[in-house]
Structure formats: structure tokens, C-alpha cells
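Notes to accompany the following structure.
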Amino acid sequence: MKSALITGINGQDGSYLAELLLEKGYEVYGLMRRKSVVDYGNVEHIKDKVNFIYGDMTDLVSLINAVKVSKADEVYNLAAQSFVGTSWEQPVATVEIDGVGVTNLLEAIRIVKPSARFYQASTSEMFGLVQEIPQKETTPFYPRSPYGVAKLYGHWITKNYRESYDLYACSGILFNHESERRGKEFVTRKITDAVARIKHGIQDYLELGNMDSKRDWGHSKDYVKAMWLMLQQNVADDYVIATNETRTVREFVETAFAHVDIKVKWQGSGVDEIGINEATGKIIVKINPKFFRPAEVDILIGDPAKAESKLGWEREISFSQLVERMVANDMKLVEKEMKIDQINLKEKEIAIN
Ligand code: NAP
Ligand code: G4F
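Our numbering puts the first residue of the sequence shown at 112, with every later residue one more than the last.
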């Protein structure tokens, strides 16, 4: 039985990867940060099948321990301060986790088990101010956020350890991938959650920043398969994982509302742009400048040709299916929340009477 260590196991990708590796018969170990209230996040449903190890990417000792305890054949480094917006508010923490943290983990592997295969979660955010369209493995990098800069360090240190110490170390340059498990601060989940609340009449409108920025959006479940494939090759290499399609945030908004039969009509421009429910005339989308970033990545579109030909990777979930799944999931969650609120209200009324 192979053993795998996943950092960031309770995040979006960590949870899908853990499910995939368990299906394949791996012994799965997950590195998790200690919290004041125990919270398994996205792996609550499989917590009895995973071996958890407490640790932190900024603590080398804890990583040495994790590699020792897990005796991992494969190490997937998915842990990160992954929200681009926060990286301007916490630039130092971001580089310590997303940059130096990668060196810590590579050192732990080099010291304890150099035969372990290593996956680094690199990102299309490293392309930033894009130098080529579409972006591929050879496209020059130009990061536009402290997050992008920190991840670029993680990317290069992975390559450097591969070349310096002959470690089997790969970077997957993954473009945006979302899911029903995506954090609600990311634009896609923020939109699908708001769509469900607006449809159910418990939220009036959705506030967004730059709706013109374009992203190449896939589903996390498809992308974790690529991570696994990268560690099953004869030679370690880096790969772009993307859909080769790009859409604006505005198009995502329109598609999400369309899944609950609401047609959005746009009026105005810039910060005065609004989205109106065509059927009711109500404003359902507004711009709030606080969601604009100090520097923006205007367009991302990746070319996954190398991964398709060398790894045999292909995505299965289309853009429309991705949005449909996210909206359907949030509709269910909001309905559940409303039912609980009703029960609580009834119980309060009974107690008062
Ligand atoms: P996510 O949901 O935010 O998960 C990040 C995970 O990292 C969480 O489990 C978090 O744990 C953990 N973590 C944060 N700081 C840590 C620390 N100091 N020590 C140990 N663990 C720590 O992110 P995701 O979407 O699954 O992404 C997975 C990886 O892929 C990240 O490295 C991200 O930067 C990268 N990536 C993501 C995308 C995308 O579109 N999703 C694209 C390209 C690359 P807590 O619960 O304790 O916070
Ligand atoms: O959903 P986002 O926050 O994702 P972003 O910045 O593209 O980063 C994600 O993808 C990267 C891969 O390229 C990952 F490495 C990273 O970890 C993360 O998973 O924002 C997407 C776009 C941006 O252009 C942002 O300015 O949406 C725009 N946007 C417009 N209004 C908004 C909002 N983003 C957020 N989060 N919230 C808004 O209200």
C-alpha cells in the first residue's frame, strides 16, 4: 500500500485529492493546523479514513515529523495562504507560508525521505501581467500580487531542489479551479452563494469589484487527477493545467443567475454599473470599489496541451456544469439554513408563550 502526505488536506483541493487517493488504495496522511475549535473543514465526511498530523508550513520541525510519521511515498503540497486579496494585507505571512514553507517541506523530504515524490501547487497567478496568450509552461512569469510573487519562489525552489538534489519534484501550474467546496471569499462561490440567497429572497443584491477580469475556470475534482498523474511519470516535470477557455466575472454572474431562471440586464459602466433582474426591475448586482485590487491580473487562459499529450489528462466537467453544480449546492445549503432558522424561531415563540 502506498502512503501519501497531503498538506492543506482540509482545503478545497486537499479534500478532493484525499478522496481520489483513498479510492486508489493509498494510506492517506493529512497535515492540519491546530485550531482552538477542532474543525476538519472539507474532509469532515472522510475524517475516519485519514491520519491527521498537526503541523504548520512555517515550522520545519513539524514537517520533518510529518514526513517521518507518514513514511510518505508521495507528498502533495497544497497548503497555502491562497486568497490573492489577503496577500496585500498579510504579505509577510503569505511569503512565509507559500514561499519559505515550500523550502521547509523540501528540506524535510531531503533529510528524512529523499525518495519521496513531491508535488508543488503552483499557479497561473504567476503569469500575472500576461506576456503571451494563451499561457503555457514556457511563458515568462510576471506576478502581480504578493501571493503570485511568493508562489513564484515556491515554483523555482521546487525546480532548484529537483536539479540540485535529484528529487522527483514537480510543479503543477494550475489555472483557477472551483467547486461546491470553494471558500466563499473567492468570486465564484461568492456569486453562487449570493444567487441562492437572492433567489430565496434573503439577500437583496451582490456586491463585486472588477467584473471585466477574465479567468480560465475548471472544476477541482478534474484538477486533482492531474496532480496524481504528475507523480506517476518516469521523469519529474512541470505542467500547465487549464481548460483553454476564458470568461469574464460578468459572464460567470450571468450564467449563475440563469441557472435559477433570472436574466440579468446590465446598465451603466465602471463603478456605476448595475445588474437588474429583467423580470422584476430590482437591482441585484452593484459595484463596490473596496473589492478592487491594488494590481489586477486581467486575463488568464491556459494551454494544457503538454498535460493532455504527456499525462493523458483531460477535464470532464464543463464550465456550464461547474456553475450549475455550485448553484445547485448553494440553493440546497440556503434552503437548509432557512429551515433551521424557522425551527429556531418556532422554538423561541413556544418558549415565550
Ligand atoms: P484552500 O481551500 O484555501 O486550502 C488551503 C489549505 O492550506 C487549507 O487547508 C489551509 O488550512 C492550509 N494552510 C494555510 N496555511 C497553512 C499553514 N501555515 N500551515 C499548514 N496549512 C496551511 O486552497 P485550494 O483552493 O484548495 O488550493 C490548494 C493549493 O493550490 C493552494 O496552495 C493554492 O494556492 C493552490 N492553487 C489553487 C488554485 C485554485 O484555483 N483553487 C489555482 C492554483 C493554485 P486552514 O483550514 O487551517 O486555513
Ligand atoms: O476568485 P478570485 O479571488 O481568484 P483569483 O484572484 O484568480 O485567485 C484564485 O486563482 C488563482 C489561480 O490563478 C489561485 F492561485 C489562487 O489561490 C485563487 O484560487 O478572483 C478572481 C477575479 C479577480 O480578478 C478579482 O479581482 O475576480 C475578481 N473579482 C471581482 N469582484 C472579485 C470580486 N474577486 C473576489 N474574490 N471578490 C469580489 O468581490
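Idealized CB from N, CA, C, for every residue including glycine.
Looking only at its own chain, which residues have a Cβ that is under 8 angstroms from the Cβ of R221, when we skip the five neighbours before and after it?
Here residue 221 refers to the residue found at position 110 when the sequence shown is read from its first residue. Same-chain partners within the cutoff: Y272, Y276, L278.
Which residue from A367, G152, K160, H156 puts its Cα closest to that of S114?
Locating residue 114 in the sequence shown gives position 3, where the first residue counts as 1. Ranking the options by Cα distance to S114, first place goes to K160.
Rounded to whole angstroms, what is the Cα-Cα separation between A439 and I244?
Within the sequence shown, numbered from 1, the residue matching residue 439 stands at position 328. Within the sequence shown, numbered from 1, the residue matching residue 244 stands at position 133. Going from the Cα of A439 to the Cα of I244 covers about 33 angstroms.
Under 8 angstroms, do V434 and A367 count as touching if we go by C-beta distance?
For the purposes of this step, residue 434 is taken as the residue at position 323 of the sequence shown. For the purposes of this step, residue 367 is taken as the residue at position 256 of the sequence shown. Yes, these two residues count as a Cβ contact at 8 angstroms.
Check whether the Cβ of N455 lies closer than 7 angstroms to any heavy atom of ligand 1, and answer yes or no.
As a position in the sequence shown, residue 455 is number 344, starting the count at 1. Taken from the Cβ of N455, every heavy atom of ligand 1 lies 7 angstroms or farther away.
Should K247 be listed as close to ligand 2, given that the test is whether its C-beta is under 7 angstroms from any heavy atom?
Locating residue 247 in the sequence shown gives position 136, where the first residue counts as 1. No - ligand 2 has no heavy atom lying nearer than 7 angstroms to the Cβ of K247.
Report yes or no: is there a C-beta of chain B within less than 8 angstroms of the C-beta of A406?
Chain labels in this structure do not include chain B; a single protein chain is all it has.
Own chain partners of D323 with C-beta closer than 8 angstroms, once the 5 adjacent residues on each side are dropped:
In the sequence shown, residue 323 corresponds to position 212, counting from 1. Excluding the 5 residues flanking it on each side, D323 has same chain C-beta neighbours closer than 8 angstroms at T359, V360, R361, D409, in chain order.
Hey, which unbroken runs of the alpha helix (DSSP H) at 4 residues or more fall wholly within the region 291-358?
298-310, 331-341
Provide the residue(s) that pair with E427 in DSSP beta bridges, ordered along the chain.
The residue labelled residue 427 in the question sits at position 316 within the sequence shown. According to DSSP, which records beta bridges pairwise, E427 is partnered with nothing at all.
Hey, could you find the ends of the alpha helix (DSSP H) S198 is sitting in?
To locate residue 198, count along the sequence shown from 1; it is residue 87. Looking at the DSSP string, the run of the alpha helix (DSSP H) that includes S198 is 197-200.
So, are the CB atoms of L422 and A353 less than 8 angstroms apart?
Within the sequence shown, the letter at position 311 stands for residue 422. Within the sequence shown, the letter at position 242 stands for residue 353. Going by C-beta atoms, L422 is not nearer than 8 angstroms to A353.
Out of G312, A305, Y334, which one is the CA nearest neighbour of E318?
On the sequence shown, residue 318 is found 207 positions in, with the first residue counted as 1. Comparing Cα positions, the closest option is A305.
Cβ of D209 within 8 angstroms of Cβ of G265?
If you number the sequence shown from 1, residue 209 lands on position 98. If you number the sequence shown from 1, residue 265 lands on position 154. Yes. Within cutoff.
Which listed residue (K224, R436, V154, E236) has its alpha carbon closest to that of S198:
Translated into the one-based positions of the sequence shown, residue 198 becomes position 87. The candidate whose alpha carbon is nearest that of S198 is E236.
How would the residue list near ligand 1 read, in chain order, if you kept each one whose beta-carbon is closer than 5 angstroms to any heavy atom?
G119, N121, G122, Q123, D124, R144, D167, M168, L189, A190, A191, S193, I208, A232, T234, L285, N287, H288
Nearest-angstrom Cα distance between Y230 and L285?
As a position in the sequence shown, residue 230 is number 119, starting the count at 1. As a position in the sequence shown, residue 285 is number 174, starting the count at 1. Whole-angstrom Cα-Cα distance: 12 angstroms.
Between which two residues does the beta strand (DSSP E) carrying V149 extend?
Sequence index remark: in the sequence shown, residue 149 carries index 38 (1-based). Note, V149: premise wrong, no beta strand (DSSP E); not H, not E.
To the nearest angstrom, how far is the alpha carbon of C281 from that of P415?
Position 170 of the sequence shown, counted from the first residue, corresponds to residue 281. Position 304 of the sequence shown, counted from the first residue, corresponds to residue 415. Distance between the alpha carbons of C281 and P415: 16 angstroms.
Counting only the same chain and skipping the five closest in sequence on each side, list residues whose C-beta sits under 6 angstroms from that of K325.
Taking the first residue of the sequence shown as position 1, residue 325 is located at position 214. Counting only Cβ-Cβ distances below 6 angstroms, and skipping sequence neighbours, we find T357, T359, I410.
Rounded C-alpha distance that separates N188 from T214:
Translated into positions along the sequence shown, residue 188 becomes position 77. Translated into positions along the sequence shown, residue 214 becomes position 103. Each residue's Cα considered, the two are about 11 angstroms apart.
Determine the DSSP secondary structure at K397, reduced to helix, strand or coil.
Numbered from 1 along the sequence shown, position 286 holds the residue referred to as residue 397. DSSP places K397 in strand when its eight states are reduced to three.
Residues in its own chain within less than 6 angstroms of L142 by CB, not counting five upstream and five downstream?
Taking the first residue of the sequence shown as 1, we reach residue 142 at position 31. Close CB contacts of L142 within its chain, under the 6 angstroms cut and outside five residues either way in sequence, are with T118, I164, G166, A177 (chain order).
Please report the straight-line C-alpha distance between G152 and F252, rounded to a whole angstrom.
One-based indexing of the sequence shown puts residue 152 at position 41. One-based indexing of the sequence shown puts residue 252 at position 141. Taking the straight line from one Cα to the other gives about 33 angstroms.
Residue(s) in a DSSP beta bridge with K135
For the purposes of this step, residue 135 is taken as the residue at position 24 of the sequence shown. Beta-bridge pairing links K135 to no other residue.
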